[in-house]
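Trainee: I'd like to ask you about the structure that follows.
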Amino acid sequence: MHTFPGSGGTRAVTGRSPAALAWSLTGLILLLVSLQLPFVAAAKFGRTNEGRMFSGIASLWHQGHVLLAALVAFCGLVAPLLLLGSLTWLALRPGGAGGHPLRRFARWLEPWSMPDVRLLAILVAFVKLSALVEAAPAAGLWCYGATAVCTLLALRALPSAPAETNDRPANVPAAAACGLGALCLLVPAYSLPVMSFTRLGHEHADTLLTSVLKLWHGGLWGIALIVFTASLLVPVLKLLALGVLLAAARWPGLLDPAHAGRLQRLVHGIGRWSMLDVFLVAFLCGLVQFGSLARIEARPGVVAFAGAVILTMLATSALESTRRPLPSHP
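Under our numbering, the first residue of the sequence shown carries the number 258, and numbering increases by one thereafter.
Here it is, written out as structure tokens:
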């Protein structure tokens, strides 16, 4: 995961950043263009559907998963749009406007902006769709993928800021509460179906584990490994790591501060990739809608899983003490 350039670096802060401006403005334009173009075209039983930016969001909304639709919209569109807009403004300011509230806002937005995760989910969906419908990528997908790349490059090109600290300590009780809530939500997330596929009146429901097993038995070992890592391995390991960090916060001598810092950065970096399954289900729900002939619908398991992912991300954020300088590139 990319890291928002903060403070504490050794580079001199010079004037405006033409590279950051170019990448952020290009990403912003491409994201706006992708709103007008189809991402994917799918054909089944002589009918064709186009998957667009809002297709999955609208489908989830109509199925009654309002909060899930709002989450997909925020992480896949609103947060990237606000982040690129903020980076464009910051790139126009001397030294990347170090210490400006908008820079802190952009740093907060960065882990919630997930065009890269959504793009990987769409690529995984292509493989899963190969056995269900005829699908082909369209121009909107390439624009959206380029947006993810431009966002990464803009973050890397923005100048470092002067040292910036404040007095807010890590919120251990909030982190513990969020971690416990995530642990409780993982039980229904792993036991309940995350989506169902109905074909000619026959419905087949899949949990996270059964979807991984189907990919594996179908010979799609690489995709199965990606989905297994994002949906099963990462959430469990992240909760274990959060437990270690909470214990270290309670008993300071338990873990070396340097090791605790590296573990916290690792947890912060990998946690967002568990949203892959949420984006995957949303994309499939929006694309495979052929009435009574074939359709895919979200099930309660994916709602519980999305809640667990969000709570683990909030737990990680609560553990971050802002008494330390914000991270910077070497």
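By construction, the Cβ of each residue, glycine as well, lies at the ideal position given by its N, Cα and C atoms.
1. Using the C-alpha atoms, what's the distance from residue 515 back to residue 543?
2. If you follow the beta strand (DSSP E) that residue 456 is in, where does it begin and where does it stop?
3. If you draw a straight line from the alpha carbon of residue 523 to that of residue 434, how long is it in whole angstroms?
4. Indicate whether residue 214 and residue 393 have their beta-carbon atoms separated by less than 8 Å.
5. Between residue 532 and residue 332, how many whole angstroms is the CB-CB distance? I'm expecting something under 8 Å.
6. How about residue 562 and residue 446: do their beta carbons lie closer than 8 Å?
7. Buried or exposed: which applies to residue 397, given that a residue is buried once 16 or more other Cβ atoms fall within 10 Å of its Cβ?
8. Run through the segment 442-529 for me and flag every whole alpha helix (DSSP H) of 4 or more residues, listed as ranges in chain order.
9. State the DSSP-derived secondary structure class of residue 395, mapped to helix, strand or coil.
10. Tell me, please, whether the segment 501-514 touches the segment 466-481 by the rule of three or more beta-carbon pairs shorter than 8 Å.
11. Kindly indicate which three-state DSSP category residue 275 falls into: helix, strand or coil?
12. Indicate whether the contact test is met: 3 or more Cβ pairs, each with one atom in the segment 276-288 and one in the segment 339-353, closer than 8 Å.
13. For residue 575, collect the residues of the same chain with a Cβ closer than 8 Å to its Cβ; drop the 5 residues on either side in sequence, then sort them by chain order.
14. Under the assumption that residue 527 contacts residue 541 (Cβ atoms under 8 Å), give the Cβ distance between them as a whole number of angstroms.
15. Please report the distance separating the alpha-carbon of residue 422 from that of residue 362.
16. Mind checking which residues open and close the alpha helix (DSSP H) that includes residue 555?
17. Check the DSSP bridge columns for residue 305 and list the partner residues they point to.
18. Compute the distance between the beta-carbons of residue 450 and residue 569, then report whether it is under 8 Å.
19. For the alpha helix (DSSP H) containing residue 357, name the first residue and the last one.
20. Using the Cα positions of residue 461 and residue 509, report the straight-line distance between them to the nearest angstrom.
21. With 16 as the cutoff for other CB atoms within 10 Å, does residue 573 come out buried or exposed?
22. By the DSSP assignment, the alpha helix (DSSP H) with residue 531 in it spans what residues?
23. CB-CB under 7 Å to residue 339, same chain, minus the five flanking residues each way: which ones, in chain order?
24. Just the Cα atoms here: how many angstroms apart are residue 327 and residue 314?
25. Assign residue 467 to one of two classes, buried (16 or more other C-beta atoms within 10 Å of its C-beta) or exposed (fewer than that).
26. As a quick exercise: from 470, 404, 534, 499, pick the residue whose alpha carbon is nearest that of residue 285.
27. Could you check what DSSP says for residue 440 in three-state terms: helix, strand or coil?
Mentor: In terms of the structure at hand:
1. 45 Å
2. Per DSSP, residue 456 belongs to the beta strand (DSSP E) from 452-456.
3. Between residue 523 and residue 434, the C-alpha separation is close to 20 Å.
4. There is no way to answer for residue 214, as the model of the chain reaches only from 258 to 587.
5. Contact between residue 532 and residue 332 holds, with the beta-carbon distance rounding to 6 Å and staying under 8 Å.
6. yes
7. buried
8. Those alpha helix (DSSP H) runs which fall completely within the segment 442-529 and span 4+ residues are 465-474, 478-485, 491-507, 514-527.
9. coil
10. These segments do not touch.
11. helix
12. Judged by Cβ distances under 8 Å, the segment 276-288 makes contact with the segment 339-353, as three or more pairs qualify.
13. 427, 428, 429, 431, 432, 435
14. Not really, about 24 Å apart at Cβ, beyond 8 Å.
15. With a pLDDT of 48 at residue 422, under the threshold of 50, the modelled position of that residue is not reliable, and no figure is offered here.
16. Looking at the DSSP string, residue 555 is not in any alpha helix (DSSP H); the run it does join, the beta strand (DSSP E), is 551-555.
17. Answer is 300.
18. no
19. No alpha helix (DSSP H) holds residue 357; DSSP gives it neither H nor E.
20. So the two alpha carbons sit approximately 50 Å from each other.
21. buried
22. No alpha helix (DSSP H) holds residue 531; DSSP gives it neither H nor E.
23. Hits under 7 Å: 366.
24. 7 Å
25. With fewer than 16 Cβ atoms within 10 Å of its Cβ, residue 467 is classed as exposed.
26. 404
27. helix
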